[in-house]
Structure formats: structure tokens, C-alpha cells
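Engineer: Quick note, the sequences are listed as chains B and Y, same order.
Start counting the first sequence at 3; every next residue gets the next number (the numbering used here).
Start counting the second sequence at 3; every next residue gets the next number (the numbering used here).
2 protein chains.
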Amino acid sequence: MIADLDPSREPRVSFKVIEGGVTAAHGYRAGAISCGIKNPDVKRLDLMLIVSDTPTVTDAVFTTNKVRAACVRVSQQHIRDGDIRAIIANSGNANACTGPQGIQDAKAMCKATAEALGIRMRQVQVCSTGIIGMTMPIQRITPRVGELAAALSETGSEDASRAIMTSDTKPKSYAIEVPCGEGSFRIGGIAKGAGMICPNMATMLCFITTDAKIAQDELKRAVRCAVDQSFNCITIDGDTSTNDTVIVMSNGQADAPEIKKGSEEAQTFRRALHKVMLELAKMIVSDGERVTKFVEIRVRNARTQADAKKAAEAVAKSMLVKCSWHGSDPNWGRVIHAVGYSGARLREELIDIYFGGLIACKGGLTTNTPMTELEKVVKEPRFSVTIDLNQGSANHTVYTSDLSEEYVDFNASEYSAAVHARRQKGLA
Amino acid sequence: MIADLDPSREPRVSFKVIEGGVTAAHGYRAGAISCGIKNPDVKRLDLMLIVSDTPTVTDAVFTTNKVRAACVRVSQQHIRDGDIRAIIANSGNANACTGPQGIQDAKAMCKATAEALGIRMRQVQVCSTGIIGMTMPIQRITPRVGELAAALSETGSEDASRAIMTSDTKPKSYAIEVPCGEGSFRIGGIAKGAGMICPNMATMLCFITTDAKIAQDELKRAVRCAVDQSFNCITIDGDTSTNDTVIVMSNGQADAPEIKKGSEEAQTFRRALHKVMLELAKMIVSDGERVTKFVEIRVRNARTQADAKKAAEAVAKSMLVKCSWHGSDPNWGRVIHAVGYSGARLREELIDIYFGGLIACKGGLTTNTPMTELEKVVKEPRFSVTIDLNQGSANHTVYTSDLSEEYVDFNASEYSAAVHARRQKGLA
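1) Should residue 310/B go down as buried or exposed, given a rule of 16 or more other Cβ atoms within 10 Å for buried?
2) Would residue 382/B pass as an interface residue toward chain Y - the criterion being a Cβ-Cβ separation below 8 Å?
3) Cutting at 7 Å between CB atoms, please list the residues of its own chain near residue 163/Y, excluding the five before and the five after it.
4) Looking at the structure shown, is residue 77/Y part of a helix, part of a strand, or coil, going by DSSP?
5) Name the one or two DSSP bridge partners that residue 31/B has.
6) Looking at chain B, is there any beta carbon in it that lies within less than 8 Å of the beta carbon of residue 121/Y?
7) At a Cβ threshold of 8 Å, is residue 112/Y touching chain B?
8) Using only the alpha-carbon positions, how far apart do residue 142/B and residue 136/B sit?
9) Considering residue 374/B, what are the terminal residues of the alpha helix (DSSP H) in which it resides?
10) In its own chain, which residues sit with a C-beta less than 7 Å from the C-beta of residue 270/Y, not counting the 5 before and 5 after it?
11) Strictly below 8 Å CB to CB, what residues from chain Y border residue 366/B?
12) If we ignore side chains and look at the alpha-carbon of each, how far apart do residue 148/B and residue 33/B end up?
13) Near residue 121/B, what residues of its chain come up, given a Cβ to Cβ distance below 7 Å and the 5 sequence neighbours on each side ignored?
14) Report the neighbours of residue 247/Y on chain B: residues whose CB is nearer than 7 Å to its CB, in chain order.
15) Residues of the segment 124 to 145 of chain Y with a CB closer than 9 Å to any CB of chain B: list them in chain order, please.
16) Can the beta-carbon of residue 315/Y be found closer than 8 Å to that of residue 68/B?
17) Counting only C-beta atoms, is residue 236/Y closer than 8 Å to chain B at any point?
18) Could you spell out where the beta strand (DSSP E) holding residue 174/B opens and where it closes?
19) Around the C-beta of residue 287/Y, are 16 or more other C-beta atoms found within 10 angstroms, so that it is buried, or is it exposed?
20) Would you kindly work out how many angstroms separate the C-alpha atoms of residue 70/Y and residue 303/B, rounded to a whole number?
21) Helix, strand or coil: how does DSSP classify residue 251/Y here?
22) Could you tell me the alpha carbon to alpha carbon distance between residue 246/Y and residue 228/Y, rounded to whole angstroms?
23) Pair every Cβ in the segment 33 to 48 of chain B with every Cβ in the segment 205 to 216 of chain B, then say whether three or more of these pairs are closer than 8 Å.
24) Could you please tell me which residues of the segment 21 to 53 of chain Y, in chain order, have their CB closer than 7 Å to any CB of chain B?
25) Find the nearest neighbour of residue 98/Y within the set 366/B, 37/B and 382/B, judged by alpha-carbon distance.
26) Excluding sequence positions up to five away, which residues of its chain have a Cβ less than 6 Å from the Cβ of residue 293/B?
27) Taking the straight line between their C-alpha atoms, what separation do you get for residue 389/B and residue 127/B?
28) So what does DSSP say about residue 326/Y, is it helix, strand or coil?
29) Rounded to the nearest angstrom, what separates residue 406/Y and residue 327/Y at their Cα positions?
30) Please list the partners that residue 1/Y has in chain B, where partner means a Cβ-to-Cβ separation under 8 Å.
31) What first and last residue would you give for the alpha helix (DSSP H) that runs through residue 402/B?
32) Determine whether the beta carbon atoms of residue 221/B and residue 61/B lie at a separation below 8 Å.
33) Pick out whichever of 144/B, 190/B and 133/B has its Cα sitting closest to the Cα of residue 168/B.
34) Using 8 Å as the threshold, is the C-beta distance between residue 28/B and residue 188/B below it?
35) Quickly, what does DSSP pair residue 208/Y with across the bridge? List them, please.
36) Grouping DSSP H, G and I as helix and E and B as strand, with all else coil, what is residue 36/B?
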């Protein structure tokens with residue numbers, strides 16, 4: 003089962019790509035409005051709502067960061083009761099490191115949503131993304147939730163996907179229809195990334211809806227498996243931000259048979275969910291802050307899966323390696339260096355390194371492949387680096403990016419800028 | 003004992019700073035010549051030699067990287083026999099990932115040194131730093147070792163320190179004289195750093211000489227202890243390059259009494275060695291590639307030493323935190339975020355964060371300290387960030403730097419540039 007979900011291979015499942023993102027599956031509506039959360043003078047969508055009109059089975063994966071945003075704490079409480087009907091999310095403020103006031107604000111967002119939709123407050127999940135350590139401008143949010151509910155529609159996914167963007171340059175959305183039994187089911191989602199695709203990245207949010215009919219425990223297994231093979235292949239080391247959240251709602255409205263544990267349908271569902279998450283994860287990497295290269299790091303033939311993962315992540319995290327990619331420099335020396343300190347078991351004299359299909363290092367030594375040919379590969383906006391340890395049969399793939407001067411510049415003054423802007427406006 | 007060497011405090015030992023680096027202690031000579039190792043057309047010191055004219059007790063700490071340079075392998079073999087008399091080191095080529103030819107070249111450097119000095123080959127340590135994966139231009143090195151031996155002098159330390167520089171902008175040297183018993187001993191050293199001060203940094207080399215009289219096992223304990231509290235506080239995570247090496251030679255020529263295990267003198271020696279390594283380590287951070295800020299990260303009151311270390315290193319490694327320092331942005335949100343994913347046990351609501359002496363975050367929440375005051379601290383070229391976890395009594399300090407656009411630019415094309423340069427010259 004795990005082998006089938008090896009991220010080094012695309013999940014094998016028949017599907018059709020469809021439009022509609024988080025409203026592609028039957029029975030969901032979404033919408034967004036502009037509240038001026040970050041800056042009251044700037045009109046941009048920054049508050050979104052996703053609703054299931056019928057009961058759901060919902061599972062979520064939250065940040066493992068010990069500093070958890072107020073919204074994460076509230077959502078974790080709410081999901082215990084099950085039958086989640088709505089997700090409300092804002093950009094412009096992370097509601098993290100905001101103390102008891104933050105908890106109160108997150109609850110106020112749930113309460114307003116529940117009132118607008120005629121559901122219970124504990125049926126609402128709440129997410130926030132943006133700057134850390136500043137109180138939510140809740141007076142600009144809760145009074146608008148009725149209007150937000152009125153904006154819900156079966157074509158509202160794109161608005162919703164835009165409302166969670168922070169430094170993302172484009173909305174991220176993906177949906178598929180999957181034949182299953184005599185019928186089919188749909189899975190679709192929206193996501194936001196930004197920040198360097200790296201341990202200390204900014205918030206990652208992903209909301210997925212499906213009309214498949216599935217029991218709680220089977221959904222949970224599928225979600226853990228898919229997250230592990232998608233978002234955890236980009237958010238290296240399992241380090242997550244204060245706000246990272248993946249929520250998957252299923253409402254059973256599809257005509258496909260129920261997804262039962264151990265069945266062929268369960269296999270299909272897992273692969274389909276993996277596919278959707280993998281596509282969204284790749285979009286996040288491609289759209290990382292000031293990223294100019296998308297790089298697939300494939301470690302092959304490690305002794306164990308853990309070794310393969312360590313090696314791939316060490317390369318993906320290395321600032322020196324990322325700089326060399328940015329400069330289109332096929333620097334295999336830095337790659338082998340990172341593999342060497344990764345903790346993976348290896349023998350230097352067995353290591354082969356490829357840029358694209360070209361071998362740059364054979365048995366730990368340089369090859370005769372012309373530098374100009376290797377440079378051609380690394381000059382491309384998308385390429386792969388394959389590290390063959392020739393030690394065993396375990397593989398692991400990580401998706402990552404280069405490191406640009408623009409990234410440094412972009413991240414050099416977020417805080418002062420935000421605080422000064424707020425002070426100038428006389429805001430708290 | 004360990005508590006006494008807490009890196010959060012300077013080692014408590016009486017000493018006088020003296021000139022002379024690696025030739026400050028009695029009985030050592032050093033020298034350097036220019037061999038054009040990286041580029042035959044460029045005249046710069048790139049081959050150095052340090053010699054003790056009398057028998058030594060020597061200890062060394064080598065990289066833990068599983069990809070080890072040929073010179074490291076050879077030095078590791080040689081040190082087993084004891085009585086090291088000479089260290090030969092070059093810049094311009096790392097002799098890493100060079101296979102059997104690399105081993106042969108490293109041995110040839112030892113052999114030439116032994117012949118020039120009339121000692122055994124196994125009494126020579128050999129070190130290299132520079133680009134990885136290219137064969138050593140050994141024909142430009144070994145024939146010159148006689149000339150190098152002729153250049154040895156009791157004032158040759160500065161030349162030696164210059165010859166191991168790569169992207170370092172200045173030589174690094176430090177020496178002290180320490181009263182001990184009725185007499186005194188001297189300890190001095192030279193070092194080279196460069197690369198980002200970070201897990202995946204470039205090679206760090208440090209050569210230390212002392213005239214203290216000390217037994218092998220006591221020297222070994224002192225070296226491990228001092229490295230752990232100095233270089234391991236800058237080379238985060240214990241990740242080291244393919245070539246990292248610290249060598250400490252002692253020749254017993256001082257008039258101080260013998261350093262005996264458990265004695266007061268042993269305590270004094272350990273602290274003195276720690277002091278020398280700490281000063282050299284700080285010089286390495288300050289002179290990191292394109293570094294504009296030197297930052298001391300102090301974690302206070304963690305539950306355990308391991309927790310304190312995890313928290314400090316997570317902050318020091320965070321690209322987002324480093325970018326904010328570069329922009330003089332007192333972004334405590336990013337700091338607490340990194341502490342949160344560090345794995346250290348903590349309670350968010352107990353965390354206080356200071357920039358310099360100013361509190362930016364109290365109990366996990368923002369404070370009223372004016373942003374303009376915090377900015378003043380972060381604008382300085384040297385400042386401290388203190389993270390008080392208020393959980394226990396363990397402290398740890400890490401020395402690190404910012405991340406600049408210039409760093410990215412500087413590291414973007416080393417490889418292609420070097421290869422093209424070599425090809426143009428018709429070199430291998």
C-alpha cells in the first residue's frame with residue numbers, strides 16, 4: 003500500500019481533471035468578500051467561506067508547531083465533535099501569538115458563521131494566515147459574515163482561493179472526477195502556500211471537498227497517507243508554521259459506492275486524494291516567494307525509506323545548493339556534500355548524481371559530461387536532480403525551489419513595514 | 003565542569019592576549035608560499051606549513067560528514083601513530099570526491115613534507131579547502147614543498163593564516179598567555195571559515211598550537227569540550243563539510259607545570275583552550291560570506307540543555323529569521339515560530355523574546371516596546387536575541403549571522419565559473 007503511494011511515482015488512478023476547485027464536488031458552495039483585514043484602504047478578497055449543505059465526515063491535519071495560532075486551537079476543539087459544515091478563513095492576519103484575545107476572536111468568527119448559516123458553532127472550522135503577533139481586526143470581520151454567507155455559490159471556489167492568498171502570486175485550485183464502481187466521485191481543493199518552501203515556511207492552508215461516501219476512520223487513513231506523500235514532501239522535516247492546516251470534508255453525495263476499508267474503492271480513493279494533494283503541493287512550490295526554479299529531488303536506492311528522505315531533505319534545505327540552482331550552476335559537489343551530512347547511510351564511492359538525465363557524478367567522482375550540457379539542464383525553470391545511493395531499494399522524492407536574491411529582499415522587512423503602516427493609520 | 007564551560011558565559015580564566023597566532027607558543031614555526039593551486043596565473047599564498055621542532059601530543063577533530071575529503075582520510079590514519087610534527091594545508095582545491103587519485107595526492111603532500119623536514123610521513127597532517135570534485139594540481143604543489151619548508155619562521159603565522167583563506171575576507175588569528183602554577187603556557191591558533199555559518203557551510207579549518215605539557219587523554223578531553231562549546235555553536239547541528247578539521251598540537255615547551263587530570267591546571271587549560279577556540283569561532287561568523295550582522299542567540303531557562311540547543315539552532319538556521327535581520331526588522335513573530343518548530347519543550351504563553359536588552363514579546367504576546375527602539379537594536383552590526391523559555395534553567399548560546407542578497411549572488415555560480423576557467427586554460 004505504502005509502496006503504491008511512493009511519491010517517486012505519480013499515483014496510479016484513472017481520473018478526469020475538472021473545473022470548480024472546492025465546489026467541484028456535489029453539495030458544496032463557496033464565496034469570499036473583501037474586509038480590509040490587513041489594510042482597510044486596500045480592497046482585495048480576504049475572507050472566504052466553504053459550506054456543505056448536508057452532513058459531512060471531516061478530517062484535518064494541523065501544524066505540529068508548538069506555537070499554535072488561536073484559530074488552530076479552536077478548530078482542533080471543534081473537529082472532535084464531527085459533522086463539520088463550514089470553513090471560514092481569512093488572510094492578512096495569522097491570529098497567532100495573540101493570547102486569550104485571539105481565542106475569543108477565532109470563536110467570534112465561528113459564532114458569526116454559525117448564526118449566518120443556522121448551524122452550531124462547533125460545526126465551523128476557522129483558519130487565518132498572515133502576520134504573527136498582532137490582534138485580529140475583528141470589528142472589520144464578524145459584522146460582515148452575513149454578507150459573506152450571502153455570497154456563497156456553486157461557482158465561488160475561485161473567489162475563495164483568492165481570498166486566502168498572501169504572498170502567493172496566483173490562486174491554487176485542482177479538481178478531478180474519478181470513476182468508481184458503477185458511478186464516480188469528485189475531489190477538489192484549493193490551497194495557499196508562499197514563504198520559501200522550506201521548514202520555516204509561511205502558512206500553508208489546503209481545503210479539500212469530496213462527495214465520496216466514506217467512514218471517518220477510512221477518511222483519516224487516506225488523509226494521513228496523502229498528506230505524508232504530498233505536503234510533507236514539500237514542508238521538509240515536518241516543520242510547520244503556526245497556522246498550517248489541511249481540512250478534507252466528505253459529504254457522501256456522489257453516486258459512487260461507499261468507500262469501505264480494504265476495498266478496491268478505498269485504494270482508488272486514497273490514490274485520488276493523493277493526486278489532488280500532490281498537484282496542489284507542486285503548485286505551492288512553483289509559486290514559492292520569488293522562486294525561479296522548480297526542482298524535483300529524487301533519491302534512489304537508499305537502504306531505507308528514512309535514509310532516502312534524510313538525503314533528499316538535506317539537499318532541498320541546503321542554502322548553498324539552492325543558490326547554485328539559482329545561478330544555473332550544476333554544482334554536484336554541493337549536492338554530495340549535503341547528502342554526506344544528511345545522516346543517510348551511504349558509501350561515497352557508490353553515489354551517482356544526475357541533473358535531468360545527464361550524469362554529473364559517477365561513483366563519487368566527476369564525469370566527462372560536458373559542463374555546458376549540465377548547465378543547459380539547470381538553466382531550465384523545471385528540472386530534476388537524481389541522487390542514486392546504490393545501497394538498497396528505497397526511493398523518496400522532494401519538491402523544492404531555488405533561493406533568490408529577491409527572496410531575501412522580499413523577506414527583509416515584513417514586520418517593521420506592517421507595524422509602521424498600522425501605526426500610521428492609528429490602528430492597534 | 004560542563005556548567006563551567008556553558009557557552010552562555012565567557013570562560014573564566016586569567017590570560018593576556020598576545021601576538022603570534024600559531025607561532026605564539028614556544029617551539030613552533032610556520033610559513034606559506036604561493037603555488038597557483040586554484041589558478042596558476044594568480045599569485046596568492048595558498049600552501050602553508052606549521053612545524054613543531056620537538057615531539058608533540060596532538061589531537062584532532064574531523065568532519066562527521068560521510069563524504070570525507072581525501073586529506074581527511076589520510077590525516078585520520080596518520081594521527082593514530084601520534085607525535086605529529088607538521089601540518090601542511092592548501093586552499094584552492096578541497097581534494098574531496100577525488101577518489102584514489104585524491105588519496106595519492108594527499109599522501110604525496112605528506113611525503114614531500116616529511117622529506118623536506120626529515121621526519122616520517124605519518125607525522126604529517128594534511129588539510130585542503132576549496133572546490134569539491136576536482137583533481138588536485140599536485141604537480142604545482144609537491145615540487146614546491148622544499149621552498150615552503152625554507153620559508154618557515156617563528157613569525158610565519160600570519161602568512162600561514164592567509165594561505166588557508168578561501169572566501170574569507172581577512173585572516174583569523176588569536177593567541178593568549180595563561181599564568182599556570184609558578185609559570186605560564188601559551189595557546190594560539192589560526193582558522194578559516196567562510197560559507198554561510200550554517201549546517202552546509204564551506205570548510206572550517208582551525209590549527210592550534212600550545213607549549214603546555216599535557217598527556218594525550220587529557221588533551222583529548224579538553225579539545226572535545228572546547229570544540230563542543232565553540233565551533234559546534236556555530237556549525238549548527240554538527241553538520242560539517244567534507245573537509246572540516248581542528249588540530250591541536252602541544253609540545254610541552256612551556257615552563258608551566260604538567261597539566262594533570264583533575265588538577266586545577268587542567269581546569270585552567272580547558273578554559274584557555276575554550277577561550278581561544280571561541281574567539282576564532284566568533285571571527286569565523288563575523289567574516290561569513292557577505293555577512294552584514296553578527297547575532298548572538300541566547301536561549302535561557304530551557305528544560306534541558308538539549309532543548310536550549312534545539313531552540314537556539316532552529317532560530318539560527320531559519321532563512322526567514324536571517325532575512326529579517328538583514329532588513330533590520332525586529333520580527334519576533336518569526337523567532338517564536340522557529341522556536342515553536344524546533345522540537346524544544348515549551349509553553350507558548352511563557353516565552354519572552356528580547357532584542358538586545360529590549361523586550362519585544364512577553365508571555366508569547368507583543369509588548370509596548372516602541373518598534374523604533376527595537377529597530378535601533380537590529381540595525382546594529384552586532385546584537386543579541388534572547389529567548390527566555392521560562393521552563394527550567396538550561397542555557398545555550400549560538401553565534402550566527404544574517405542572510406543577504408549578496409550571499410545568494412556570491413554563491414550562485416562557483417562551479418560553472420571554476421570549470422569554465424579551468425577548461426579555458428586547458429587544465430584538467
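Just so you know, even glycine gets a beta-carbon here, dropped at the ideal spot from N, CA and C.
None of these values were measured; they are calculated from a predicted model.
Structural biologist: Here's the rundown:
1) Counting from one through the first sequence, the residue named residue 310/B turns up at place 308. By the neighbour-count rule (16 or more Cβ atoms within 10 Å), residue 310/B is buried.
2) By 1-based counting over the first sequence, the position of residue 382/B is 380. Not one chain Y Cβ lies under 8 Å of residue 382/B.
3) Numbered from its first residue, the second sequence carries residue 163/Y at position 161. If we look at residue 163/Y and ignore the five residues flanking it on each side, its Cβ neighbours are 23, 173, 174, 175 and 192.
4) To locate residue 77/Y, count along the second sequence from 1; it is residue 75. Helix at residue 77/Y.
5) Taking the first sequence and counting its residues from 1, the one referred to as residue 31/B is at position 29. Within the DSSP bridge table, the entry for residue 31/B names 53/B as partners.
6) Here residue 121/Y corresponds to residue number 119 of the second sequence, with the count starting at 1. Taking Cβ atoms only, chain B never reaches closer than 8 Å to residue 121/Y, which makes this a no.
7) Taking the second sequence and counting its residues from 1, the one referred to as residue 112/Y is at position 110. Output row for residue 112/Y: interface = no.
8) Translated into positions along the first sequence, residue 142/B becomes position 140. Translated into positions along the first sequence, residue 136/B becomes position 134. The straight-line gap separating the alpha-carbon atoms of residue 142/B and residue 136/B is approximately 15 Å.
9) Walking along the first sequence from the start, residue 374/B turns up at place 372. Run containing residue 374/B: 373 to 381, per the alpha helix (DSSP H) assignment.
10) Residue 270/Y sits at position 268 when you count from the first residue of the second sequence. The answer, listed in chain order, is 15, 180 and 182.
11) Start at 1 with the first residue of the first sequence, and residue 366/B comes out as number 364. Those within 8 Å of residue 366/B in chain Y are 69, 99 and 101.
12) What you label residue 148/B is simply residue 146 of the first sequence in a count that begins at 1. What you label residue 33/B is simply residue 31 of the first sequence in a count that begins at 1. For the pair residue 148/B and residue 33/B, the Cα-to-Cα distance works out to about 12 Å.
13) Counting from one through the first sequence, the residue named residue 121/B turns up at place 119. Only 87 and 88 meet the Cβ criterion.
14) Position 245 of the second sequence holds residue 247/Y. Scanning chain B for C-beta atoms nearer than 7 Å to the C-beta of residue 247/Y yields nothing, as the closest lies near 15 Å away.
15) In summary, the residues of the segment 124 to 145 of chain Y whose CB is separated from some CB of chain B by less than 9 Å are 133, 134, 135, 136 and 137, in the order they occur in the chain.
16) For the purposes of this step, residue 315/Y is taken as residue 313 along the second sequence, with counting starting at 1. For the purposes of this step, residue 68/B is taken as residue 66 along the first sequence, with counting starting at 1. One thing to note: residue 315/Y has its Cβ no nearer than 8 Å to the Cβ of residue 68/B.
17) Counting from one through the second sequence, the residue named residue 236/Y turns up at place 234. Not an interface residue.
18) Residue numbering aside, residue 174/B sits at position 172 when the first sequence is read from its first letter. Residue 174/B -> beta strand (DSSP E) spans 174 to 182.
19) Position 285 of the second sequence, counting from 1, holds the residue named residue 287/Y. Buried is the call here.
20) Along the second sequence, read from residue 1 onward, the residue named residue 70/Y stands at position 68. Along the first sequence, read from residue 1 onward, the residue named residue 303/B stands at position 301. Approximately 21 Å between the Cα atoms of the pair.
21) Within the second sequence, numbered from 1, the residue matching residue 251/Y stands at position 249. Under the three-state reduction of DSSP, residue 251/Y is assigned to strand.
22) Stepping through the second sequence from its first residue, residue 246/Y is reached at position 244. Stepping through the second sequence from its first residue, residue 228/Y is reached at position 226. Straight-line Cα distance between these residues: approximately 16 Å.
23) With the rule of 3 Cβ pairs closer than 8 Å, the segment 33 to 48 of chain B does not count as touching the segment 205 to 216 of chain B.
24) Answer set for the segment 21 to 53 of chain Y: empty.
25) Residue numbering aside, residue 98/Y sits at position 96 when the second sequence is read from its first letter. Of the candidates 366/B, 37/B and 382/B, 366/B places its Cα closest to the Cα of residue 98/Y.
26) Counting from one through the first sequence, the residue named residue 293/B turns up at place 291. Around residue 293/B: 403.
27) As a working note, residue 389/B is residue 387 in the first sequence. As a working note, residue 127/B is residue 125 in the first sequence. Each residue's alpha carbon lies about 41 Å from the other.
28) To locate residue 326/Y, count along the second sequence from 1; it is residue 324. In this structure, DSSP gives residue 326/Y a helical state, which the three-state scheme calls helix.
29) Residue 406/Y sits at position 404 when you count from the first residue of the second sequence. Residue 327/Y sits at position 325 when you count from the first residue of the second sequence. Approximately 9 Å between the Cα atoms of the pair.
30) Nothing about residue 1/Y can be reported from this structure: the residues present for chain Y run from 3 to 430 only.
31) Here residue 402/B corresponds to residue number 400 of the first sequence, with the count starting at 1. Not the alpha helix (DSSP H): residue 402/B falls in the beta strand (DSSP E), residues 396 to 403.
32) One-based indexing of the first sequence puts residue 221/B at position 219. One-based indexing of the first sequence puts residue 61/B at position 59. The Cβ-Cβ distance between residue 221/B and residue 61/B falls below 8 Å.
33) Within the first sequence, the letter at position 166 stands for residue 168/B. Out of 144/B, 190/B and 133/B, the CA that lies nearest to the CA of residue 168/B is found in 133/B.
34) By one-based count along the first sequence, residue 28/B stands at place 26. By one-based count along the first sequence, residue 188/B stands at place 186. Contact flag set, yes.
35) Taking the first residue of the second sequence as position 1, residue 208/Y is located at position 206. Partner(s): 193/Y and 248/Y.
36) Translated into the one-based positions of the first sequence, residue 36/B becomes position 34. Residue state, collapsed to three classes: coil.
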